[in-house]
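Peer 1: Residue numbers (this note's numbering): 1025 to 1453.
This is the structure:
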């Protein structure tokens, strides 16, 4: 089978199967000979920031010469991006080879009456098998949706669990309150396994602490008092850690979102725990964070063009906070290029952008996904909340050209609302 045939097969999985129980995923992994069972797993859940925390932690571990596997989702351009070894997506040959092994196990599952693994479950199995065969020491697992019932939660004994920022998203599945969503995310907590978490939301923190206590899991809350933001620029954010040892050390990450200070601090705390007892090198960590590149998160593709994956109300609020810290909404303000999928709270996101951000104009478009919101519907919602110019272009390239035309000489273009949009723009460029 060719690489493209493997990719096409995986893309077609949603047409003939659905999500299964954790017991099903464990049986799937058993038929793959429980790959990577003896590796050190860090399991990360959360509404926003989990991808960034994973990327920072991966960079720190690599700086200590550790071999690291990273399973992440979604991908922006190529499905290979979901399975990384030392931050490099597995190549097409390894992808195809691993696919063959996993497809055989999936076929055996069907024959035995278990049913074929879902799209996400199949890729998770591929990731674990690839990590075993490339002999990684650490595996960083980013949950897909939720935590408690996520396929990645089939791992019974991680080294550490991490829960990032909690806000309202996927409410039709996870619950419509912060407490309900926090309980789903905290479902990754395991008996006796330490959990580090973002303490920015008191309601979520109370739930996480309760579930950790019930499981006898040592619990460490990271609050915004753990660091002090020193500088925010268009290219990076710098902060210092608030403790006696590191108070004069400046940590710099090349992503300008203010929320990245919390994400980096969580990763630093997690790394200190994982590497305790070893001699580690903080100067290497600083360089690793300073040079990191995390695609689709306030990523500057051109001097005037930024893509950001903000796709729920909490992420949009953080985006606006960062824009104000950068003073990017002063003067005429930026041009906002926006798209969304229908199961996101796009009207709430749009209202917040229109009422809290001074933008020069808005351009709406459609992503290539069955759940896409029609551009005309997005334009209608924008016009409900703003009197600024709203342009409507169904095709992403046409929308990008319209944004370029209207920005003039000075305005930046910020693209947000969907990671699909970020991926489409990156692929086009």
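All C-beta atoms, glycine included, are put in the ideal place defined by N, C-alpha and C.
Small disclaimer: the values here were computed from a predicted structure and weren't measured.
#1: Let me make sure I understand the geometry here. Which of 1448, 1384, 1440 and 1246 has the alpha-carbon closest to that of residue 1429?
#2: How would you call residue 1347, buried or exposed, if buried means at least 16 neighbouring beta carbons within 10 angstroms?
#3: Find out if the Cβ-Cβ distance for the pair residue 1200, residue 1070 is shorter than 8 Å.
#4: Below 8 Å between beta carbons: does that hold for residue 1443 and residue 1098?
#5: What does residue 1238 pair with, by DSSP beta-bridge criteria?
#6: Exposed or buried, what is residue 1042 when buried is set at 16 or more other beta-carbons lying within 10 Å of its beta-carbon?
#7: What residue range is occupied by the uninterrupted beta strand (DSSP E) comprising residue 1118?
#8: Decide if the region 1252-1264 is in contact with the region 1275-1287; the criterion is three or more beta carbon pairs, one per stretch, under 8 Å apart.
#9: Which of helix, strand or coil does DSSP assign to residue 1199?
#10: What span of residues does the alpha helix (DSSP H) with residue 1274 cover, start to end?
#11: Under 8 Å between the Cβ atoms of residue 1183 and residue 1066?
#12: Taking the beta strand (DSSP E) that residue 1413 falls in, what are its first and last residues?
#13: Would you check if the region 1297-1314 and the region 1415-1426 touch, i.e. whether three or more CB-CB distances between them fall below 8 Å?
#14: Kindly give me the distance between the Cβ atoms of residue 1376 and residue 1414, rounded to whole angstroms, as I take these residues to be in contact under 8 Å.
#15: For the alpha helix (DSSP H) containing residue 1421, name the first residue and the last one.
#16: Give me the residue from 1323, 1027, 1335 and 1219 with the minimum Cα distance to residue 1437.
#17: Quick one: what's residue 1166 bridged to in DSSP?
#18: For residue 1082, count neighbouring Cβ atoms within 10 angstroms of its own Cβ and tell me buried if that reaches 16, exposed if not.
#19: In the DSSP assignment, find the beta strand (DSSP E) that holds residue 1459 and state where it starts and stops.
#20: With a threshold of 6 Å on Cβ separation, who are the neighbours of residue 1085 within its own chain once the five nearest residues in sequence on each side are excluded?
#21: Measuring only the C-alpha atoms, how far is residue 1187 from residue 1074?
#22: Nearest to residue 1119 by CA position, among 1140, 1147 and 1176, is which residue?
#23: Go ahead and label residue 1363 buried or exposed: buried means 16 or more other beta carbons lie within 10 angstroms of its beta carbon, across all protein chains shown.
#24: Please confirm whether residue 1321 and residue 1357 have their CB atoms less than 8 Å apart.
#25: Give me, in chain order, the residues of the same chain whose beta-carbon lies closer than 7 Å to that of residue 1339; leave out the 5 immediate sequence neighbours on both sides.
#26: Roughly how many angstroms separate the alpha carbons of residue 1447 and residue 1371, rounded to a whole number?
#27: Could you check the C-alpha separation between residue 1452 and residue 1219 for me, to the nearest Å?
#28: What residue does the alpha helix (DSSP H) around residue 1381 start on, and which one ends it?
#29: On a CA-only basis, which of 1121, 1319 and 1387 is nearest residue 1331? Give me that one, please.
#30: Considering only DSSP beta bridges, list what residue 1326 is partnered with.
#31: Could you say which of 1190, 1434, 1395 and 1230 lies nearest to residue 1342 if we only look at CA atoms?
Peer 2: Checking against the coordinates, here is how it stands:
#1: Taking the chain shown and counting its residues from 1, the one referred to as residue 1429 is at position 405. Nearest option by C-alpha distance: 1384.
#2: As a first step, residue 1347 is located in the chain shown; it is residue number 323 there, counting from the start. Residue 1347 comes out buried.
#3: Locating residue 1200 in the chain shown gives position 176, counting from the first residue. Locating residue 1070 in the chain shown gives position 46, counting from the first residue. No, these two residues do not count as a Cβ contact at 8 Å.
#4: As a first step, residue 1443 must be located in the chain shown, where it is residue number 419. As a first step, residue 1098 must be located in the chain shown, where it is residue number 74. Yes, the pair counts as a contact, with Cβ atoms nearer than the cut-off.
#5: Taking the first residue of the chain shown as position 1, residue 1238 is located at position 214. None, per the DSSP bridge assignment.
#6: Residue 1042 sits at position 18 when you count from the first residue of the chain shown. By the 10 Å Cβ count, residue 1042 comes out exposed.
#7: The count along the chain shown starts at 1 and reaches residue 1118 at position 94. No beta strand (DSSP E) contains residue 1118, which is instead part of the alpha helix (DSSP H) from 1116-1135.
#8: yes
#9: The residue you call residue 1199 lines up with position 175 of the chain shown. In the three-state DSSP reduction, residue 1199 falls in the coil class, being neither helix nor strand.
#10: Position 250 of the chain shown, counting from 1, holds the residue named residue 1274. Taken as a continuous stretch (DSSP letters only), residue 1274 belongs to no alpha helix (DSSP H), being part of the beta strand (DSSP E) at 1274-1277.
#11: Counting from 1 along the chain shown, the entry for residue 1183 is found at position 159. Counting from 1 along the chain shown, the entry for residue 1066 is found at position 42. Yes, the pair counts as a contact, with Cβ atoms nearer than the cut-off.
#12: Along the chain shown, read from residue 1 onward, the residue named residue 1413 stands at position 389. From DSSP, the beta strand (DSSP E) with residue 1413 extends over 1413-1416.
#13: no
#14: Looking up residue 1376 in the chain shown gives position 352. Looking up residue 1414 in the chain shown gives position 390. The pair is not a contact, with the Cβ atoms about 16 Å apart (cut-off 8 Å).
#15: On the chain shown, position 397 is the one that residue 1421 refers to. Segment 1420-1431, the alpha helix (DSSP H) holding residue 1421.
#16: Position 413 of the chain shown holds residue 1437. Comparing Cα positions, the closest option is 1323.
#17: Position 142 of the chain shown, counted from the first residue, corresponds to residue 1166. Beta-bridge pairing links residue 1166 to 1068.
#18: The sequence position of residue 1082 within the chain shown is 58, counting from 1. The residue is buried, with at least 16 neighbouring Cβ atoms inside 10 Å.
#19: As shown, the chain starts at 1025 and ends at 1453. That puts residue 1459 outside it, with no answer to give.
#20: Reading the chain shown from its first residue, position 61 is the one you call residue 1085. Within the same chain, 1092 and 1162 come within 6 Å of residue 1085 by CB-CB distance, once the 5 residues on both sides are set aside.
#21: The residue labelled residue 1187 in the question sits at position 163 within the chain shown. The residue labelled residue 1074 in the question sits at position 50 within the chain shown. Approximately 8 Å, taken between the alpha carbons.
#22: What you label residue 1119 is simply residue 95 of the chain shown in a count that begins at 1. Residue 1147 is the option with its Cα nearest to residue 1119.
#23: Within the chain shown, numbered from 1, the residue matching residue 1363 stands at position 339. Residue 1363 is buried by the Cβ-count criterion.
#24: In the chain shown, the residue the question calls residue 1321 occupies position 297. In the chain shown, the residue the question calls residue 1357 occupies position 333. Here residue 1321 is not near residue 1357, since their CB atoms are 8 Å or more apart.
#25: Sequence index remark: in the chain shown, residue 1339 carries index 315 (1-based). Within the same chain, residue 1339 has close Cβ partners 1072.
#26: Residue 1447 sits at position 423 when you count from the first residue of the chain shown. Residue 1371 sits at position 347 when you count from the first residue of the chain shown. In a straight line, the C-alpha of residue 1447 is about 22 Å away from that of residue 1371.
#27: Working through the chain shown from its first residue, we reach residue 1452 at position 428. Working through the chain shown from its first residue, we reach residue 1219 at position 195. Rounded to the nearest angstrom, the gap between the Cα atoms of residue 1452 and residue 1219 is 40 Å.
#28: Locating residue 1381 in the chain shown gives position 357, where the first residue counts as 1. Where residue 1381 is concerned, there is no enclosing alpha helix (DSSP H), given that its DSSP letter is neither H nor E.
#29: Position 307 of the chain shown, counted from the first residue, corresponds to residue 1331. It is 1319 whose Cα lies nearest to the Cα of residue 1331.
#30: Taking the chain shown and counting its residues from 1, the one referred to as residue 1326 is at position 302. Looking at the DSSP assignment, residue 1326 forms a beta bridge with 1329.
#31: As a working note, residue 1342 is residue 318 in the chain shown. Of the listed residues, the one whose Cα sits closest to residue 1342 is 1190.
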